[in-house]
Each structure stands twice: as C-alpha cells, then as structure tokens.
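To start, the structure itself, in structure tokens.
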Amino acid sequence: MFKRRSVVTAAALAATFTLAACADDTPKTAVAGIPMGDYVMVGMGNGTVPLRNITMRVNETSISGVGPCNGYGAKNAAELPAMQLTNFTSTEVACKDLELENRVFQALQQATEMDFYGGVLRVKGPTWLIFERGLPASMAGGNVVDQARGNQ
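Using mature numbering (1 follows the signal peptide of the UniProt record, and there is no 0), the letters of the sequence shown map in sequence onto residues -23 to -1, 1 to 129.
Written out as structure tokens, the structure reads:
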C-alpha cells in the first residue's frame, strides 16, 4: 500500500510541476531577440538626438516612456518583433521641445516592427527611431562614473 501511494503521489507531483512550468508568470528578458527593458533614443531618421531625453521601456505587449515634455504609453496589438500600437496615450504638458516630441510620438504610432541589432534597438516605420539600452544619467540615479563603481 505504501509503495502504491508513493508512486501515485510522485506522479501527481510530476504532473503539477509540468503544469506549473507551462504557466510562466515571470517576466521575459527578451522576446523575438529584443531585450525587454529601458532604452534611450539616440537617433531619428538620418539624424542624431544629442539631448538623449526621450526614453522607451519595452515590455512583451506594451511600450511606455517619457519625452522632453510628456510621459506616454501604448499597447502593442501585434506580436514582437511586429508593432501595431493601440491605445496610445500621453500626458498633455507643453514645453519648448513639444514639436520634436510630437514627431517621435507620430513615428512610434506609425512603426511596423522593431529589431535589436549591433547593440541598438531599431523601431522601423516611415521614420526610423534608434535607441540604446539604459536610461539617461539624469534618470538613472547618478552619473556614469558612480554607476560604473557600483557599491564600492
């Protein structure tokens, strides 16, 4: 009797662990070769963005970030690497860089796909946006030297 109960218990535990492995609730670190996380915009079209004051956080089914004036967010109705942003929302604060920000927001809404190649995230559409991993030093909680030192 004891052996039979042990076999049944072991089988039940194996089935439970198998089902638990299928239900992966942990956030993914990459989807379709695109690392999830924070990025800062460094290029738009054929130009550079020297102020690095536009960010994007890439999640499996959404993006969000801040521009020079406003925060934004949207759902991605497509499966990465494809993009089809829906429910794009932003705060509505005016500033001197609102024209640039509006161009970036429009480019994001028209984007059709993204890829990660050569250490940069490329958001492709009529106007390409180029992002590097990380956040600007002003948002990352310290300067680059402090970040390199860590907790030393």
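Think of the CB as a built atom: it goes at the ideal place given N, C-alpha and C, for glycine as much as any other residue.
* **Three-way DSSP call (helix, strand, coil) for valine 19 in this model** => strand
* Pairwise C-alpha distance: threonine 89 and aspartate 15 -> 20 Å
* **Nearest-angstrom Cα separation, counted from asparagine 64 out to glutamate 56** => 16 Å
* Which value, in whole angstroms, describes the spacing of the CA atoms of proline 58 and threonine 68? -> 27 Å
* Asked: Can you give the Cα-Cα distance for threonine 25 and aspartate 92, rounded to whole angstroms?
  -> 19 Å
* Identity of the residue in Gly96, Leu77, Gln87, Thr104 nearest alanine 51 by Cα -> Gln87
* Asked: Which stretch, first to last residue, makes up the beta strand (DSSP E) that contains alanine 51?
  -> 48 to 53
* From glutamate 109 to glycine 44, what distance separates their C-alpha atoms? -> 15 Å
* Asked: Does the distance from the C-beta atom of valine 70 to that of alanine 84 stay below 9 Å?
  -> no
* To do: Go through the segment 90 to 117 residue by residue and report every complete run of the alpha helix (DSSP H) that reaches 4 residues or more, in order.
  => none
* Bridge partners of methionine 33, per DSSP? -> Tyr16
* **valine 81 - containing alpha helix (DSSP H), residue span** => 75 to 87
* Asked: Apart from the five residues just before and just after arginine 34, which ones in its own chain have a Cβ nearer than 8 Å to its Cβ?
  -> Gly14, Asp15, Tyr16, Ile40, Ser41, Gly42
* Asked: If we ignore side chains and look at the alpha-carbon of each, how far apart do lysine 73 and lysine 5 end up?
  -> 37 Å
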